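Notes follow the structure.
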Amino acid sequence: MSAPAPSPLAIVDAEPLPRQEEVLSETALAFVAALHRRFTPRRDELLARRAERRAEIARTSTLDFLPETAAIRADDSWQVAPAPPALEDRRVEITGPTDRKMTINALNSGAKVWLADFEDASAPTWENVVTGQLSLIDAYTRSIDFTDERTGKTYALRPNEELATVVMRPRGWHLDERHLTDADGTPVPGALVDFGLYFFHNAKRLLDLGKGPYFYLPKTESHLEARLWNDVFVFAQDHLGIPQGTVRATVLIETITAAYEMEEILYELRDHASGLNAGRWDYLFSIVKNFRDGGPRFVLPDRNAVTMTAPFMRAYTELLVRTCHKRGAHAIGGMAAFIPSRRDQEVNKVAFEKVKADKDREANDGFDGSWVAHPDLVPIAMESFDRVLGDRPNQKDRLREDVDVKAEDLIAVDSLDARPTYAGLVNAVQVGIRYIEAWLRGLGAVAIFNLMEDAATAEISRSQIWQWINAGVVLDTGERVTAELARKVAAEELADIRAETGEEAFAAGNWQQAHDLLLKVALDEDYADFLTLPAYEQLKG
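Taking the working numbering, the leading residue of the sequence shown gets 4, the next gets one more, and so forth.
Below, the structure is given as structure tokens:
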């Protein structure tokens with residue numbers, strides 16, 4: 004006897020959108036319901052396990068490689084599945100949300116890969132969730148175009164062979180989709196909504212195009228979470244009659260706990276693994292979150308002072324390259340977040356030199372590719388990797404056996420010769436308020452001070468304010484960081500924004516709301532695990 008059909012999912016508190024029935028068809032929702040019924044209980048157990056592990060870190064102020072998985076690390080015989088042709092060459096990847104204009108520009112950018120982002124670069128309004136799926140469906144059927152109402156400029160896709168390969172990033176395990184609930188009123192995890200709708204509509208279509216359903220997995224904290232994703236992939240492929248191993252996943256190593264389980268994460272996903280990525284801002288946020296009560300040795304300086312050459316960051320990236328290449332996987336470097344200025348060529352010149360130095364370092368260290376946030380940076384990153392790779396698609400043959408990273412190297416935050424500054428506090432407040440305000444308007448990727456900021460940079464900003472207050476940090480000015488000082492800086496920033504935007508624009512925005520939310524998550528004694536959880540409660544749409 005066949006299993007009963009999954010309970011239908013209900014769309015709640017959401018205004019109907021044009022063409023949403025194309026995405027939210029009965030069969031598509033039945034597939035998402037099947038994922039939800041089968042995997043959400045395990046998701047819930049793993050979120051509880053995160054809290055237990057965090058409590059253990061608070062007790063010990065340390066982390067180590069797992070003794071129970073030592074045999075996996077010691078076994079040199081296993082490798083991940085060979086990369087499919089579309090993912091052999093990943094030397095430059097561009098990131099961004101899935102609105103129609105970005106979809107066309109990213110696919111046309113000249114990058115090898117586009118990270119189509121439903122996570123940190125996308126505020127999860129119902130419109131963004133649904134229309135983002137439509138953008139990708141329309142891109143694969145070549146029925147996408149866009150006309151900018153303000154400028155009249157039109158955008159259309161180049162020929163298929165010139166387009167970037169899409170690697171889609173669903174939301175992390177922690178965030179639910181409040182607009183999609185089961186018969187009991189339980190929301191479906193956003194990760195399963197994003198993955199399920201994309202896989203259901205596009206897996207077969209992508210195979211016909213000579214590619215496949217490829218994914219970036221965010222916020223992973225353990226190999227057990229990677230195992231859950233692997234089981235999702237196996238089930239999804241069976242359910243829709245897609246050959247096993249068609250899915251490929253690149254895992255962002257953007258939590259400090261995952262850095263101690265890189266090999267185990269690849270092992271769990273080995274039939275579906277494509278590589279690992281070094282996600283810088285979320286990684287720093289994770290260090291603060293996990294070691295926030297670990298005392299002065301875990302206090303991070305200004306976020307812009309924590310470069311990838313810091314000893315503990317270098318340990319993390321070199322271990323990532325060695326781990327990936329040992330197991331036949333791609334190692335993908337971090338984000339170049341600079342947004343070129345149309346008015347200040349001197350700013351561009353300095354920034355381009357920094358981007359070039361960063362990408363040269365990654366290519367020389369053995370990375371197989373790297374991220375950029377803007378099409379103008381694609382040629383700069385491409386040149387860095389072309390110089391090292393030449394005609395080769397990657398450098399996975401560079402095993403980096405010279406790298407020897409000890410457990411303590413990954414958390415040697417005090418090895419960095421930099422201290423918190425008053426300017427750093429001001430910048431954290433500025434970025435926090437300005438990003439949260441845009442997020443509450445439904446924008447997840449926001450240009451602030453010539454940098455593309457996303458939820459990860461807002462997380463490190465508010466986390467540093469929290470850490471500096473709770474650690475009693477004294478700044479370069481001699482001032483101690485207190486809640487009162489943070490409120491003073493935030494009030495000054497709000498006044499500056501009011502003067503900058505004008506009364507009418509200020510009143511029309513979410514500035515006071517953003518200010519209040521930043522101070523809540525930065526000053527509350529109880530540290531919110533993710534800024535986006537309380538922010539989601541205030542997000543309209």
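Glycine included, every Cβ here is placed at the ideal spot set by N, Cα and C.
Here the structure is a predicted model, which is why all the values come from computation and not from measurement.
Beta-bridge pairing of residue i - partner residues as DSSP gives them
i	result
Leu279	Val254 and Ala334
Ser64	Beta-bridge pairing links Ser64 to no other residue.
Leu322	Leu322 pairs with nothing; no bridge assigned.
Trp117	Ile97 and Val169
Asp246	The sequence as given places Pro at residue 246; Asp does not occur at that position. Bridge partners of Pro246: none, in fact.
Met105	In DSSP, Met105 forms no bridge with anything.
Val132	None, per the DSSP bridge assignment.
Per-residue burial, residue i [other beta carbons within 10 Å of its own, 16 or more giving buried]
i	result
Ser344	exposed
Arg145	exposed
Val434	buried
Thr320	buried
Ser80	exposed
Leu522	buried
Glu482	exposed
Gly215	buried
Pro173	buried
Glu528	exposed
Thr260	buried
Val350	exposed
Ala240	Correcting the residue type first, residue 240 is Gln in the shown sequence and not Ala. Classification of Gln240: buried, given that the 10 Å Cβ count is 16 or more.
Val477	exposed
Ala508	exposed
CA-to-CA distance, residue j to residue i, given in whole angstroms
i	j	result
Leu137	Leu20	11 Å
Arg300	Ala421	12 Å
Val35	Thr43	11 Å
Met4	Ser28	With a pLDDT of 40 at Met4, under the threshold of 50, the predicted position of this residue should be treated as unreliable, though the coordinate-derived value follows. Each residue's alpha carbon lies about 26 Å from the other.
Gln541	Ile439	11 Å
Asp347	Ala354	11 Å
Ala119	Gly99	6 Å
Val449	Ala410	36 Å
His182	Leu12	10 Å
Thr535	Leu139	24 Å
Asp363	Leu488	40 Å
Asp296	Ala474	8 Å
Val432	Met311	23 Å
Met265	Thr253	12 Å
Leu32	Trp129	15 Å
Glu152	Asn108	16 Å
Gly135	Asp405	43 Å
CB contact flag (residue i, residue j, <9 Å)
i	j	result
Arg325	Val408	yes
Arg306	His275	no
Gly233	Leu209	According to the sequence displayed, residue 233 carries Asn and not Gly. Taking 9 Å as the Cβ cut-off, Asn233 and Leu209 do not qualify as a contacting pair.
Ala89	Thr184	no
Ile335	Ser373	yes
Asn111	Leu49	no
Leu419	Ala308	yes
Asp179	Pro190	yes
Asp412	Ala517	no
Ala384	Val375	yes
His242	Ala37	yes
Gly337	Asp371	no
Asn430	Ser466	no
Thr223	Leu255	yes
Glu456	Ala339	no
Presumed contact (8 Å Cβ cut-off) between residue i and residue j, rounded CB distance
i	j	result
Lys329	Leu279	About 11 Å separates the two Cβ atoms, so there is no contact after all.
Ala459	Trp176	Contact doesn't hold; Cβ gap of about 16 Å is too wide.
Leu69	Glu267	7 Å
Tyr425	Asp479	6 Å
Glu96	Ala114	6 Å
Ala281	Leu323	5 Å
Val235	Pro423	Between Pro423 and Val235 the Cβ distance is about 41 Å, and since that is not below 8 Å, they are no contact.
Gln126	Trp442	Looking at the sequence itself, residue 126 is Ala, so the reference to Gln does not match. Confirmed, Cβ separation roughly 5 Å.
Tyr219	Val170	5 Å
Phe288	Glu59	Contact doesn't hold; Cβ gap of about 19 Å is too wide.
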